[in-house]
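Taking it in order: structure first as structure tokens, then the write-up.
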Amino acid sequence: MKHRGRHRRRRRGRALRAALAGTALALTAAATMISTSQADVADNPGALEPLTTSAETAPLRLTEHSVPREWLDRLSSGMGRPVGVDTVLADTDGSLREADTCPSDGKRALPVEPAATRAYCWEEADTDGWRPGGVTTSGDADDDGHWGEHRVVLSGWSQDTPTTDGRGLARVAFVDADDPRALRYTWVLLAVPVDGGHDYRGLVSTVSGMVWYQNKLLVTADRGESSALYVYDVGRIQRATVDDASSVGRVPGGWSAAGARYVLPAVASYRAAGGDAPRPGGISLDRSTAPDSLVAHEAMPEDADGPTRLWRYAFGDAPERAGLLATDPVSRADAVEAYETELGDVRSVLSYRSAWYLGRMTATPDERGSLWRQDAKGARPTRCGADETYRCWSGQAASLSYWQETGELWSQSGRMLFALPLDSVDRSLD
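Numbered according to mature numbering (1 follows the signal peptide of the UniProt record, and there is no 0), the sequence shown spans residues -39 to -1, 1 to 391.
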């Protein structure tokens, strides 16, 4: 019944827009000049609507599928002993530039208010043809903010132009953030074991969301991968032995990772079933819950209107299942909390305490987006200082990650990686 209600609201919305469009044709140019502030107020999404019935929450159920241990062991036997994060960080591919040395056109991707307190840019030559996606940090991985001795940022990217075999690839930059004035990174290709562990293929995904929790990295997958969360073990990074930018997997003479020197094979995946199962978009970690939890927003088509679903899964606490979601005896993970928001074009999500922070893009790619804090009582956007508009967030930002140990919110937009205090977001609320 709830889903029929959703469709009714969408039909009413389309009818209303059609009526408004007809009315607009009869108005003079002067009468149609409406301030951005007035338009924004009319777009207030209101409070979150809880989803509580089984019909509403059942489509959110995931089933865990593990890659057989013998496949992973066979791949390690063929490629050599896996390496850890420390080894990858010590084998640098390049450096990020601090914001004051970045091109001005790139810095336009940064939010206006609240302003970034730290910002860096990627070299165009190293990211050309790749689209930025999810961000997560060692602040997610461990509550002390470190992985071993290092502070680390993971930055996800997906290929805009498919490879020669017609598939787009996904990769992650492991960024050494020990020195905030000199961030260095190394590329790692995301892969999926195939052929019983005798080979691997590249992950086909836009990497819209990533969460690094304990020793696992969870990545959203869509394009070519149906709807899934892929799981990676950061202790199972493998070295590529052939430098061939056009091939992935076993090749004559060794193993290739599309030019990257490291490859990370998936160890598991979570998939939903059913025609109404939402495709996860952005994801993030919430350490303010007990147990820690993973939150997600629904990835909606660009032309869709109506509500967007938000939901939460609990992480398990069994030592042998470190970094994995809590599941029942038949490997199913159920959402422990779910809502609908009237916001459309949601591209990033963060939950902390009772608030949900939602980054929203606009229909125009060059226009700035907005950042909302929403809960069961209402919704408030961040404001652009004394300006009356709230479209002052980055229009392209596709991820939110809260580094609890430092109080910083991390994201990336275009070729800019940036951070700002979460407190500054709350202070900017209208």
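All residues carry an ideal CB built from backbone N, CA and C; glycine is no exception.
A Cβ-Cβ distance of about 4 Å is found for the pair L390 and R341, placing them in contact under the 8 Å criterion.
Taking 4 residues as the shortest admissible run, the stretch 4 to 64 contains the following complete alpha helix (DSSP H) segments, listed from N- to C-terminal end: 15 to 18, 30 to 40, 46 to 50. Only residues of its own chain outside the window of five on either side were considered, and among them L115, M171, V172, W173, S362 have a CB closer than 7 Å to the CB of T97, listed in chain order.
Distances from the alpha-carbon of D61 to those of C82, D52, D336 put C82 closest.
Sequence-distant Cβ neighbours of V203 in its own chain, meaning closer than 7 Å and more than five residues away, are V212, G214, G215, W216, S217. Looking at the DSSP output, C82 sits in a beta bridge with R58, M377. When secondary structure is reduced to three states using DSSP, K338 falls in the coil class, being assigned neither helix nor strand. Using a C-beta cut-off of 8 Å, the stretch 150 to 166 makes no contact with the stretch 239 to 259, since fewer than three inter-stretch Cβ pairs fall below that distance.
With a cut-off of 8 Å on Cβ pairs, the stretch 100 to 110 is not in contact with the stretch 28 to 43, counting fewer than three such pairs. Around the beta carbon of E85, fewer than 16 other beta carbons lie within 10 angstroms, which makes this residue exposed. Here A16 is exposed. Its C-beta has fewer than 16 other C-beta atoms within 10 Å. Within the stretch 259 to 313, the runs of beta strand (DSSP E) that reach at least 3 residues and sit entirely inside it are, in chain order, 269 to 275, 298 to 302, 307 to 313. The beta carbons of A219 and L285 sit no closer together than 8 Å. Sequence-distant partners of L21 (beyond 5 residues in either direction) whose C-beta falls short of 8 Å from its own C-beta, in its chain, are A233, A238, P239, R270, W272, D295, A296, A299.
The DSSP-derived three-state label of R211 is strand.
By the neighbour-count definition (other C-beta atoms within 10 Å, threshold 16), E259 is a buried residue. The three-state secondary structure of A102, taken from DSSP, is helix. Here S230 is not near Y274, since their CB atoms are 8 Å or more apart. The C-beta separation of R308 from G320 comes to about 5 Å, placing the pair in contact by the 8 Å criterion. The beta carbon of L33 sits closer than 8 Å to the beta carbons of P154, G158, R197, P226, V228 from its chain, once the five residues preceding and following it are set aside; these are given in chain order. DSSP places D87 within a helical segment (H, G or I) once states are collapsed to three. Within the model, the alpha-carbon separation for E110 versus V386 is close to 30 Å. The straight-line gap separating the alpha-carbon atoms of P382 and R142 is approximately 18 Å. If you draw a straight line from the Cα of G117 to the Cα of T167, it comes to about 9 Å. From the listed residues L130, A70, R293, the smallest Cα separation to S207 is found for L130.
When the alpha-carbon of V73 is set against those of Q365, L332, D336, R376, the nearest one is in L332.
For D139, the three-state secondary structure derived from DSSP is coil. Of the candidates D336, W354, A337, W354 places its Cα closest to the Cα of T343. In this structure, DSSP gives L255 an extended state, which the three-state scheme calls strand. S312 and V256 have their C-alpha atoms spaced approximately 7 Å apart. Contact annotation: A70 and G346 have beta-carbon atoms that are not nearer than 8 Å. Counting along the chain, V386 sits inside the alpha helix (DSSP H) bounded by residues 383 to 388. Going by DSSP, P226 is part of the beta strand (DSSP E) stretching over 223 to 233. According to the DSSP assignment, D247 belongs to the beta strand (DSSP E) that extends over 241 to 247. When secondary structure is reduced to three states using DSSP, G67 falls in the helix class.
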